[in-house]
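Residue numbers (my numbering): 5 to 432.
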């Protein structure tokens, strides 16, 4: 039996198709009218209305101020105390209390254990800390910034920020306070670089577990200080990268010097014995292998014991180590006269070295100022909803006056020798 379509159903289906086509026709005609309206130039009144439309639902309130939460007041959790309520004790001398190890940051940690590297880095920081600077801006803005920064030790802040020279990427955690009215930074602490990550938009992520579980940090909480950061090197470039191969060669010779010292204290010996098989020789070797300084052992069937002495290598190794210390000092500080890697030098050579070290220090200070101007000094105005701008500036005029005063003050002084005990000098 063939199926027939019910006339009533057919009519209803036909009416629905007409309704759909009619509605689509209305929508398309409405779309065309909207397109014609959008293509027409808007009047002056319409343009003014569009320009006056507020960017945020609440006019007059900056975006950053609305995003302020308790995360700016609450310190970031410390890495390393995941299972207890207290900080774990140091594992060993120079060891980091973290279960995660990053080869890049770990290599910097290892190099900073070298007294030559650490002292040269501190010398570079000290040279930058002696340079003059000031706050630049409108008088009201400068007074407002100084009022909010009065509870901070600016010297400590600059010294912590200068650590970006050896780390390349140096995060600083900021603790804010609003108990006295405006938002103000009350404490800034340097954190380890391996605990933070950054993305292509400059946002900072933090991992309290040391190597995983990175979470986004609120804007205004962490200052990412970076040295020579680029898109290819977003975490900056450490000055110790070029020191790494030199440092490795140096410590290869230090290890050889240590083995040489062991040979001096416990020299190697050879026993001449008459033995019929290898087993008897193994017994004699085992008895001699455990000897330490001042100990004795009784041997049988041994005709003679010969002591091997090491000589003539210690001074050569020390000269090589001193040579690589000089190379590292020159790379980190730009000079060698203010460290113990060079014994003698003329006054003119000392002035050249001093100028080179100061130029490097000026570059470090400008790097820190650029970062603080874009972060901390901008946040103190944004968080408080105040329009204003100040920036840290290196005082070149005061620096040049200081250099001229030093040069003019030394013109009347007599010539002195850095090595007075030397013999007669021939002046040409």
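Ideal placement from N, C-alpha and C gives every residue a C-beta, glycine not left out.
Exposed unless 16 or more other CB atoms sit within 10 angstroms - verdict on residue i
i	result
residue 57	Residue confidence for residue 57 is low, a pLDDT of 34 falling below 50, so the modelled location carries little weight; the figure read from the coordinates is stated next. Result: exposed.
residue 103	Any reading at residue 103 must be qualified, since the residue scores a pLDDT of 46, below 50, and its modelled position is unreliable; the value itself is stated next. Counting Cβ neighbours within 10 Å, residue 103 comes out exposed, since fewer than 16 surround it.
residue 254	buried
residue 43	With a pLDDT of 39 at residue 43, under the threshold of 50, the predicted position of this residue should be treated as unreliable, though the coordinate-derived value follows. Exposed, since its Cβ has fewer than 16 Cβ neighbours within 10 Å.
residue 295	exposed
residue 310	exposed
residue 378	exposed
residue 61	Confidence at residue 61 is low in this model, with a pLDDT of 38, below 50, so its placement is unreliable and the value that follows should be read with caution. Result: exposed.
residue 410	exposed
residue 244	buried
residue 217	exposed
residue 337	buried
residue 228	buried
residue 2	The structure shown does not extend to residue 2, since the chain is modelled only from 5 through 432, so no value can be given for it.
residue 95	exposed
residue 339	buried
residue 183	exposed
residue 401	exposed
residue 221	buried
residue 147	exposed
residue 117	exposed
residue 208	buried
residue 386	buried
residue 39	With a pLDDT of only 42 at residue 39, under the threshold of 50, the placement of this residue in the model should not be trusted; the figure read from the coordinates follows. Exposed is the call here.
residue 168	buried
residue 155	exposed
residue 368	buried
residue 391	exposed
residue 204	exposed
residue 157	exposed
Contact check, residue i vs residue j, beta carbons under 8 Å
i	j	result
residue 175	residue 226	yes
residue 109	residue 197	yes
residue 239	residue 172	yes
residue 266	residue 321	no
residue 313	residue 271	yes
residue 380	residue 189	yes
residue 132	residue 153	no
residue 79	residue 223	no
residue 191	residue 179	yes
residue 250	residue 328	yes
residue 248	residue 115	yes
residue 93	residue 384	no
residue 181	residue 77	yes
residue 3	residue 366	With the chain covering 5 to 432 only, the question about residue 3 has no answer from this structure.
residue 212	residue 81	yes
Bridge partners - residue i, DSSP secondary structure assignment
i	result
residue 141	394
residue 246	According to DSSP, residue 246 bridges with nothing at all.
residue 272	312
residue 174	229
residue 179	191
residue 277	306
residue 201	209
residue 219	210
Cβ distance (whole Å) where residue i is taken to contact residue j below 8 Å
i	j	result
residue 288	residue 306	6 Å
residue 318	residue 264	6 Å
residue 135	residue 403	6 Å
residue 120	residue 333	7 Å
residue 301	residue 291	5 Å
residue 304	residue 112	Incorrect: roughly 56 Å between the Cβ atoms, too far for contact.
residue 276	residue 308	4 Å
residue 285	residue 293	In fact, because the Cβ distance is near 12 Å, the residues do not count as touching under 8 Å.
Near the ligand GTP: residue i beta-carbon under 7 Å from a heavy atom
i	result
residue 336	You won't find the ligand GTP in this model; it holds no ligand whatsoever.
Measuring CB atoms only, is the stretch 143 to 154 touching the stretch 229 to 243, in the sense that at least three cross pairs come out at less than 8 Å? No, the stretch 143 to 154 does not touch the stretch 229 to 243.
Cβ contact check for the stretch 367 to 381 and the stretch 391 to 407: 3 or more pairs under 8 Å: Touching, per the Cβ criterion.
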